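Peer 1: In this note's numbering, the protein residues as written are 5 to 268. Yeah, the Cβ is synthetic: ideal placement off N, Cα and C, and Gly gets one too. Remember, predicted model here, so these are calculated numbers, not experimental data. Have a look at this one.
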């Protein structure tokens, strides 16, 4: 692969407005497509903002009419803000593009990052991103049976209308599966855009105003909450960079194999 460069757009007091970062993504995307620059990862924090991917349903948006920016990535609605490390890898892939392989590489780099801090994370089949697994259902809430859990029978259950006990930010207390890093991408002209958001030490209550990623039976996590100690964006950035470089540099970028139907 080509050299991989990292660009720090802004953190903390210099957090980058979402529209500004989106415009910069498009500029870098065009330059990468023209082979004017190497593969590039933009790293930054955003001020608080909700963004909705193409598959977001109206029922998953904030109930109070809080503004949401609709974007051209895959996935559904999520939140970005202080305490969350956002990365936008802009990488040229061979055609036909293997989108799933790209997502898996990002997940792997973030899984390795969490492991370096002593936190075991994993993938969940059918749900992109990086997850902290909860306890088996029968072991949650002190061993009580969860037959009474309304989410089991009601696919449209809305945790926002049912008190803090079902809030996504409290999934760790309920010992449920919880997402620590979200991934949503777009590939245009064989070059990737958008990327990942790793919850380092955000106020996860921001997620309680939406249905994060459209998932009603799980929640969100952060490195700080899971580790039980303070951890900063500044200390995580070089770790993420190192693992992204290792995973992306060692990846064998091959076009997606398209199986042709057998001749009749």
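(1) Within the continuous alpha helix (DSSP H) that includes residue 109, where are the two ends?
(2) First and last residue of the alpha helix (DSSP H) that includes residue 242?
(3) Apply the 10 Å Cβ neighbour rule to residue 63 and answer buried if 16 or more other Cβ atoms are within range, or exposed otherwise.
(4) Pairs of beta-carbons, one from the region 78-89 and one from the region 193-207, closer than 8 angstroms: are there three or more?
(5) With respect to the beta strand (DSSP E) encompassing residue 201, which residues constitute its N-terminal and C-terminal limits?
(6) Tell me the residue span of the beta strand (DSSP E) that contains residue 56.
(7) Taking Cβ positions, are residue 15 and residue 48 nearer each other than 8 angstroms?
(8) Considering Cα atoms alone, identify which of 77, 175, 124, 71 is closest to residue 29.
(9) Can you tell me which of 188, 191, 177 puts its alpha carbon nearest to the alpha carbon of residue 230?
(10) Look up residue 65 in the DSSP assignment and say whether it is helix, strand or coil.
(11) With contact counted as at least three CB pairs below 8 angstroms, one residue from each stretch, are the region 207-217 and the region 93-110 in contact?
(12) Can you check which of these residues, 83, 196, 99, is closest to residue 258 by C-alpha distance?
(13) So if DSSP puts residue 83 in a beta bridge, which residue, or which two residues, is it bridged to?
(14) Leaving aside the five residues before and after residue 43 along the sequence, list all residues of the same chain whose C-beta is less than 8 angstroms from its C-beta, in chain order.
(15) State the DSSP-derived secondary structure class of residue 14, mapped to helix, strand or coil.
(16) Taking residue 32 as part of the alpha helix (DSSP H), name the residues at either end of that continuous run.
(17) For the beta strand (DSSP E) that contains residue 89, what are its first and last residues?
(18) Taking the alpha carbon of residue 228 as the reference point, which residue from 208, 157, 75 has its own alpha carbon closest?
(19) Output the distance between the C-alpha atoms of residue 2 and residue 173, rounded to the nearest integer angstrom.
Peer 2: A quick look at the data gives this:
(1) Translated into positions along the chain shown, residue 109 becomes position 105. Run containing residue 109: 103-120, per the alpha helix (DSSP H) assignment.
(2) On the chain shown, residue 242 is found 238 positions in, with the first residue counted as 1. From DSSP, the alpha helix (DSSP H) with residue 242 extends over 237-254.
(3) Taking the chain shown and counting its residues from 1, one reaches residue 63 at position 59. Residue 63 comes out exposed.
(4) Result yes; three or more Cβ-Cβ pairs closer than 8 angstroms.
(5) Position 197 of the chain shown, counting from 1, holds the residue named residue 201. Residues 195-203.
(6) Taking the chain shown and counting its residues from 1, the one referred to as residue 56 is at position 52. Counting along the chain, the beta strand (DSSP E) containing residue 56 begins and ends at 53-56.
(7) To locate residue 15, count along the chain shown from 1; it is residue 11. To locate residue 48, count along the chain shown from 1; it is residue 44. At the C-beta level, residue 15 and residue 48 come within 8 angstroms of one another.
(8) Numbered from its first residue, the chain shown carries residue 29 at position 25. Nearest of 77, 175, 124, 71 to residue 29, Cα basis: 77.
(9) Against the chain shown, residue 230 aligns to sequence position 226. The residue with the shortest Cα to Cα distance from residue 230 is 177.
(10) Translated into the one-based positions of the chain shown, residue 65 becomes position 61. In this structure, residue 65 counts as coil in the three-state DSSP scheme.
(11) no
(12) One-based indexing of the chain shown puts residue 258 at position 254. It is 99.
(13) Position 79 of the chain shown, counted from the start, is the residue given in the question as residue 83. Residue 83 pairs with 54.
(14) Counting from one through the chain shown, the residue named residue 43 turns up at place 39. Closer than 8 angstroms at Cβ, skipping near neighbours: 5, 6, 7, 8, 9, 36, 93, 94, 95, 96, 252.
(15) As a working mapping, residue 14 is identified with position 10 in the chain shown. Here residue 14 sits in strand by DSSP.
(16) Translated into the one-based positions of the chain shown, residue 32 becomes position 28. From DSSP, the alpha helix (DSSP H) with residue 32 extends over 22-37.
(17) Residue 89 sits at position 85 when you count from the first residue of the chain shown. Run containing residue 89: 88-94, per the beta strand (DSSP E) assignment.
(18) Locating residue 228 in the chain shown gives position 224, where the first residue counts as 1. Of the listed residues, the one whose Cα sits closest to residue 228 is 208.
(19) The requested residue 2 is not part of the displayed model; the chain covers only 5 to 268.
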